[in-house]
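Undergrad:
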Amino acid sequence: MIVPAAEFQRNIGTYQDRALIEPVFVTRNGREKTVLLSVEEYRRLKRRDREVLAVEHLSDANLNAIATAEVSAEFSHLDAELES
Numbered sequence: 000m001i002v003p004a005a006e007f008q009r010n011i012g013t014y015q016d017r018a019l020i021e022p023v024f025v026t027r028n029g030r031e032k033t034v035l036l037s038v039e040e041y042r043r044l045k046r047r048d049r050e051v052l053a054v055e056h057l058s059d060a061n062l063n064a065i066a067t068a069e070v071s072a073e074f075s076h077l078d079a080e081l082e083s
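Per numbering that gives the first Met the number 0, the very first residue in the sequence shown carries number 0; after that it's consecutive.
1. Please tell me whether Leu36 and Ala18 are closer than 8 Å, where the distance is taken between their beta carbons.
2. Taking 8 Å as the cut-off, decide whether the C-beta atoms of Val25 and Ala4 are in contact.
3. Taking Leu81 as part of the beta strand (DSSP E), name the residues at either end of that continuous run.
4. At the level of alpha carbons, what is the spacing between Gln15 and Ser71?
5. Any chance you could list the alpha helix (DSSP H) runs of at least 4 consecutive residues sitting entirely within the segment 5-66, in chain order?
6. By Cβ distance, which residues of its chain are closer than 8 Å to Ser75, with the 5 residues on each side in sequence left out?
7. Report yes if the C-beta distance between Met0 and Val23 is below 8 Å; otherwise report no.
8. Kindly identify the DSSP beta-bridge partner or partners of Val2.
Structure follows, in structure tokens:
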């Protein structure tokens, strides 16, 4: 759902309720500026956050663990992906 900011301000309760069902995109000057989400959806997205580290920031123990890691045979069917 997309709603102009002025409309959102006039009927915030309606759009809060709507955000429980689907994201509400709030526009300003015809451009999407913010999105209103349910708490459950926000928390689901936050759980999916990942931390990215540069290789030079990894410890020697982490680098060694990566270098010596072995993939279980149950995933051998994915080897074909490396050949593409």
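Beta carbons are placed, not taken as given, at the ideal position from N, Cα and C, and that holds for glycine.
TA: In short:
1. yes
2. yes
3. Following the DSSP letters along the chain, one finds Leu81 in no beta strand (DSSP E) but inside the alpha helix (DSSP H) bounded by residues Asp78 to Glu82.
4. 46 Å
5. If only complete runs of 4 or more residues are kept, the segment 5-66 shows the alpha helix (DSSP H) at 11-18, 38-46 and 59-66, in order along the chain.
6. none
7. Closer than 8 Å, so yes.
8. Val25
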